Structures are given as structure tokens and as C-alpha cells.
Amino acid sequence: MREFLLLIRSEEEPKANLSPEQMQQHIEKIGGYLKRLTEEGRMKSAQPLEMQGTMLSYKNGQIVDGPYNETKEIISGYYHLLAKDLDEAIAIAKQDPRFEEGIWRMEVRPIKHVEGIN
Amino acid sequence: MSDPNLTRSHELTSHFFRNEYGKLVAVITRYLGTENVETAEDIVQEALLKATEHWEMRGIPESPKAWLYTTAKNITLNVLKRKKHQRDYANSIERPRLDEAFSFSEEIIEDSQLKMMYFCCHPSISENAQIALILKILSGFSIVEIANAFFSNEQTINKRLVRGRKQMRTISFDLDSKDVIEERLGSVLKTIYLIFTEGYFPSHKNSVVRSDLCLEAIRLAKLLTESNNIVDKTDCYALLALMYFNISRFKSRISDDGEIIDLKEQDRSKWDAPLIQTGTQYLNRITEGNSINKYGILATISANHCISPSYEATNWVQILALYDQLLLLEDSPIVHLNRIVAFSEVEGNEKAIEELFQLEARSDIANYYLYHFTLAELYKQCSKHKKAQLYYEKAFHLARNERDKELLQKKINTLVLIPPSQLS
Numbered sequence: 002m003r004e005f006l007l008l009i010r011s012e013e014e015p016k017a018n019l020s021p022e023q024m025q026q027h028i029e030k031i032g033g034y035l036k037r038l039t040e041e042g043r044m045k046s047a048q049p050l051e052m053q054g055t056m057l058s059y060k061n062g063q064i065v066d067g068p069y070n071e072t073k074e075i076i077s078g079y080y081h082l083l084a085k086d087l088d089e090a091i092a093i094a095k096q097d098p099r100f101e102e103g104i105w106r107m108e109v110r111p112i113k114h115v116e117g118i119n
Numbered sequence: 089m090s091d092p093n094l095t096r097s098h099e100l101t102s103h104f105f106r107n108e109y110g111k112l113v114a115v116i117t118r119y120l121g122t123e124n125v126e127t128a129e130d131i132v133q134e135a136l137l138k139a140t141e142h143w144e145m146r147g148i149p150e151s152p153k154a155w156l157y158t159t160a161k162n163i164t165l166n167v168l169k170r171k172k173h174q175r176d177y178a179n180s181i182e183r184p185r186l187d188e189a190f191s192f193s194e195e196i197i198e199d200s201q202l203k204m205m206y207f208c209c210h211p212s213i214s215e216n217a218q219i220a221l222i223l224k225i226l227s228g229f230s231i232v233e234i235a236n237a238f239f240s241n242e243q244t245i246n247k248r249l250v251r252g253r254k255q256m257r258t259i260s261f262d263l264d265s266k267d268v269i270e271e272r273l274g275s276v277l278k279t280i281y282l283i284f285t286e287g288y289f290p291s292h293k294n295s296v297v298r299s300d301l302c303l304e305a306i307r308l309a310k311l312l313t314e315s316n317n318i319v320d321k322t323d324c325y326a327l328l329a330l331m332y333f334n335i336s337r338f339k340s341r342i343s344d345d346g347e348i349i350d351l352k353e354q355d356r357s358k359w360d361a362p363l364i365q366t367g368t369q370y371l372n373r374i375t376e377g378n379s380i381n382k383y384g385i386l387a388t389i390s391a392n393h394c395i396s397p398s399y400e401a402t403n404w405v406q407i408l409a410l411y412d413q414l415l416l417l418e419d420s421p422i423v424h425l426n427r428i429v430a431f432s433e434v435e436g437n438e439k440a441i442e443e444l445f446q447l448e449a450r451s452d453i454a455n456y457y458l459y460h461f462t463l464a465e466l467y468k469q470c471s472k473h474k475k476a477q478l479y480y481e482k483a484f485h486l487a488r489n490e491r492d493k494e495l496l497q498k499k500i501n502t503l504v505l506i507p508p509s510q511l512s
């Protein structure tokens, strides 16, 4: 089994315009999906990220805020997942019911692993 | 290691978010004042959004209500802090101090929801706006959902809400007075019944939204019966009885293709016995009182249908007597029209047609497609198919929505299939 980090991306806060009923449906759908993966032992961690936070970089000998992306895209959460290979991780990601809402993107990245060291 | 949060998730009751939305907006408005109801709506939307973000990943907490109430309270306090110096809040001192007295106790929730219902149904607000306000504020429907339910668009619904909220600011009445509560109950019941009727007489094939509206109307009426502020609940029970009897036939009155099936042709085995039972229990509670209102009469008529084993065995004599009683309370062309079916079953089709012509002569009922539809049905039963066709066509031209037009077109088509020799 290999480890993967799935980054959930979206424009600003896409859930803000959902109705209360749709929010509940969203929770129930995603909750069911995560529960199944957890029971299968594939989901190591799933966390939402706060809207706040900053981007830091090193410039002219000091750490500064920014630069920020031009787009309004943010990472609103992540999954830490176990899968056989990249194909399987992608297949699992595609099952996420959030895609039905048409407002999400997901980045699937294998966590780098060097044989015999970590 | 799996995330332990994900494995011990709790379940939400159905429509939890919608119902909690209504409770929270009502309570927060109690502290912010009705002029700030929109701020309260925004606060609650934000609280639900926070809950969504946390619960989708971490599972639903053991006490979702407590979680929501704390979150909503904190957001409200932050909003107030931000607006502290604004003139709007300068007079807020008279209101209960939020930080000290913010409470989501059962009593406060119940009392706040009742008062909010009365505000939304104030007669100075147009009926359309009352319905939109109630569904948005107390039922947690979004503007899009209301627009879908009423086959309208977001812009129109939003306009109604804006106008309604504006009107709400000008209303002042003492809802701590039991007399005022009593006096205005009728207008609240009326709006609830309008919401129910909108769901019950589907003007479109979207049956899911429809039954949602009916069930929401029932939930709102139940809030009234649970209130300690209302002393005489007879009228609330009557409306609930009526709604329960009517939804008991829900499944049998829509075909698989989404078409309405006439009472005559409905499969009575599909009628929902437990719902009829509940309706009967409410009906029994009103007969204990000594007066009967419009809803009580309509409920008794509906009960007569529910307990009859077949269309033919229906006690039309009693139903006709009930309609006559209803006319004494509400002498409107629509009631006359509804009475005609019972009248024709008791007195015959010819006399019923005669009655309809008399009704037309003294009212503007001929502008209403159901008048012509009823005439057509009566002529059909007398085997006067040419006349039936004429009136179906008149009904077709007056019908306002596609679904009714479709149904009427079908009726016309089946008439055309009858060989000309039988047309008279």
C-alpha cells in the first residue's frame, strides 16, 4: 500500500450558497463515503482547513507574506489515503460524491517514499 | 491509524438543518429585532456552513444541536461587536441583553418561532410575501427552492422577500398578549393552509417538492398546537385533521406518469391508514368544542371520503349538508363550485348543470377553468359528449399551467375516440 495526499480545491467558499437541506445532503453523502473508506482501513485522516492562514516566502533576507495566487482558488481540506497505486487512488477520488455538486477539484498526489529508508 | 472521529459519527434527523435554521433565526431575531431579520438569516447560514465544513470530514458530533447553538451564538456576538457603534443598535438596550440572556431553551425556541410566524403572517404583508417569508425564515428553504416550489424565478421570490421584510419592520403588535395571539391566529392558519394547498394541488410534475410543502405545512401547524401561548387550539386541530386526511390520499392521486387521478378512479387500498387515523384523532378533538370553523367542515368532508369503501358508497347526503353549512360561513363562488359534485351525486347531473348556470349568472366564476371543467364532466356523465367537448376546450383555454392543460387535452382526446354516432 502506498500513501496519497488528496487536496480538495475550490473557488472561495463553494458551500456558502447551498440551502440548509443541500448542506445536510452534502454532509450525509461525504460522511457515508468517508465512513466506508475508514472502515476499509484506507482513510488515515480527513481534515477540513480553515479559510484563514497565509502564504509565507523568503525575500531579501527576510520572511514575508505572499505572494498570493492571482486566482481565488483555495485548498479547503485534504484526505490522507492508502491505495495500491496511483490508478487506485484516482479511482477512489473519483468516487467522492462531492463531484456531483460540480464545484470541486481534487489533486491526487503520491507521498514520496524511498525504499528502505522511511 | 484511522481517524477515530470518522468511525463514531452520529446521524442527523431528517430535515435537521432546515428545522434548526428556523429555530435559530427566530431566536436570534428575538434579540436583534425584526428589523434585523436578514442579519439573523445570514448569521444562521454561516453557522450551518461552519457545521457543514466540520461535520463532513469529522463526522456528526454527539450533540449537533448544542454544537450549532454555541456556534450561532458566537457568530451573533461577533456581528454585534462589529456593529456596536452603528446607529441601528443604539436602541438595543431595551431588548434582552444578548451576552447575558442568550438562550436556546425549548421555551424560548417555541415562543420565538410562534412570534415569528405571527410576524410573517401579518395581514399588512401580501399573501405571496407571507408564504415566501415563512418558507425562507421558519422553514429554511432557500430562495431557489421556494422559486422551484412555486414555479417562479429567484428574482420574483427575492423581491417578495425584500418587500415582506421591509413591511415587517413597520409592524408593531403585542405578541405577549394572549388576546392578540387569539385574534390573529386565523391569518396564521390561512397562510399555513395556502402552503399546504400549493403542495397538494400540484401545478407541475415535481412531486418531491410538493409533498415537502405539505409536510412543512403540517409541521408549522403542529408548532401552533405545541404552543403554550395559544389557549383555544380547536382551529389548529381542525386544520391538522384536514391536512392529514388529504395527504392520506397522496400516493393514490398521482399516477406513475405524474398525472392527477380523479377521486372516482383512485385505488383506495393505497390510502394511508395511519395518516387517516391521525386525522381522526385531531377531528375528535374539535368535536369536543361547540363551534366548528371552515377547516373543521372541510376536514369532516375529507373524512367522509376517507372512510368510504368506494366512490359509490360515499355518504353524499352528509357531504352536501356539510357544504351547505360551509356556505353559511363562506359564501364564495369556489365553495359553490366545490359543492356541485356532491350536489350532482344527490340531485342528479341535470339539476347540477342548472345550478352551475345560475352560479355563472351571479358571479365571475366563468373566468375559472375548473367551472368549465366541472360542466364538461357533468355533460360527459349525461353522455352529451359534444357539449362536454365544448366545455373541456373552454377550460383548456383558461387553464394557466401546463399540467392542467395536458390533463384537459387528454380528456378531449378520449372524447374524440368515442364514435360520432354516440355524440349527441
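Protein chains in written order, with this note's numbering: chain A, 2 to 119; chain B, 89 to 512.
The beta-carbon is built from N, C-alpha and C at its ideal position, and this holds for glycine as well.
This one's a predicted model, so the numbers in the text were calculated from it and none came from an experiment.
query	result
Along the chain, where does the beta strand (DSSP E) that runs through residue 53 of chain A open and close?	No beta strand (DSSP E) contains residue 53 of chain A, which DSSP labels as neither H nor E.
In three-state terms, what does DSSP make of residue 98 of chain A?	helix
Express the C-alpha separation of residue 44 of chain A and residue 97 of chain A in angstroms, rounding to a whole number.	13 angstroms
Does the distance from the C-beta atom of residue 50 of chain A to that of residue 76 of chain A stay below 9 angstroms?	yes
How many Å lie between residue 331 of chain B and residue 30 of chain A at the Cα?	32 angstroms
Do you know how far the Cα of residue 109 of chain B is from the Cα of residue 231 of chain B?	14 angstroms
What residue from B/502, B/236, B/301 and B/367 has the CA that sits closest to residue 464 of chain B's CA?	B/502
Kindly indicate the opening and closing residues of the beta strand (DSSP E) around residue 111 of chain A.	106-111
What does the alpha-carbon distance come out to for the pair residue 418 of chain B and residue 412 of chain B?	10 angstroms
What residues in its chain sit with their C-beta under 6 angstroms from that of residue 118 of chain B, if we drop five residues either side in the sequence?	200
Does residue 90 of chain A come within less than 9 angstroms of chain B when only Cβ atoms are used?	no
Taking 9 angstroms as the threshold (beta carbon to beta carbon), is residue 142 of chain B in contact with chain A?	yes
Would you mind giving the Cβ-Cβ distance between residue 367 of chain B and residue 336 of chain B, rounded to the nearest angstrom? I have them listed as a contact below 8 angstroms.	7 angstroms
I need the DSSP call for residue 352 of chain B, collapsed to helix, strand or coil.	helix
Answer yes or no: the CB of residue 443 of chain B versus the heavy atoms of the ligand MN, is any distance below 8 angstroms?	The ligand content of the structure shown is nil, which means the ligand MN is not present either.
Among B/379, B/435, B/432 and B/439, which residue has its Cα nearest to the Cα of residue 414 of chain B?	B/379
So is residue 35 of chain A in contact with chain B if we call contact Cβ pairs under 9 angstroms?	yes
Which residue from B/314, B/285 and B/426 puts its Cα closest to that of residue 300 of chain B?	B/285
For residue 64 of chain A, which of A/91, A/70 and A/55 has the nearest alpha-carbon?	A/55
Looking at residue 225 of chain B and residue 209 of chain B, is the spacing between their C-beta atoms short of 9 angstroms?	no
Tell me the DSSP secondary structure of residue 105 of chain B in three-state form.	helix
Using 8 angstroms for Cβ pairs, my map puts residue 374 of chain B next to residue 326 of chain B. What's the rounded Cβ distance?	5 angstroms
Would you call the CB atoms of residue 83 of chain A and residue 2 of chain A closer than 9 angstroms?	yes
Please confirm if the segment 347-361 of chain B is in contact with the segment 310-317 of chain B, defined as three or more CB-CB distances below 8 angstroms between the two stretches.	no
Determine whether the Cβ of residue 47 of chain A lies closer than 9 angstroms to any Cβ atom of chain B.	yes
Going by DSSP in three states, residue 205 of chain B sits in which element: helix, strand or coil?	helix
Just the Cα atoms here: how many angstroms apart are residue 271 of chain B and residue 261 of chain B?	12 angstroms
Would residue 469 of chain B and residue 484 of chain B qualify as a contact pair, given that the criterion is a beta-carbon distance under 9 angstroms?	no
By the 10 Å Cβ neighbour count, where 16 or more other Cβ atoms means buried, how is residue 159 of chain B classified, buried or exposed?	buried
Taking one C-beta from the segment 4-13 of chain A and one from the segment 92-112 of chain A each time, how about it: are there three or more such pairs within less than 8 angstroms?	yes
Roughly how many angstroms separate the alpha carbons of residue 342 of chain B and residue 350 of chain B, rounded to a whole number?	9 angstroms
Counting only the same chain and skipping the five closest in sequence on each side, list residues whose C-beta sits under 6 angstroms from that of residue 427 of chain B.	411
When the Cα atoms are used, what is the spatial distance from residue 492 of chain B to residue 25 of chain A?	34 angstroms
Where does residue 129 of chain B land, buried or exposed, given buried means 16+ other C-beta within 10 angstroms?	buried
Measure the C-alpha to C-alpha separation of residue 259 of chain B and residue 235 of chain B and round it to an integer number of angstroms.	26 angstroms
Would you list the residues sitting across from residue 78 of chain A in a DSSP beta bridge?	A/9 and A/49
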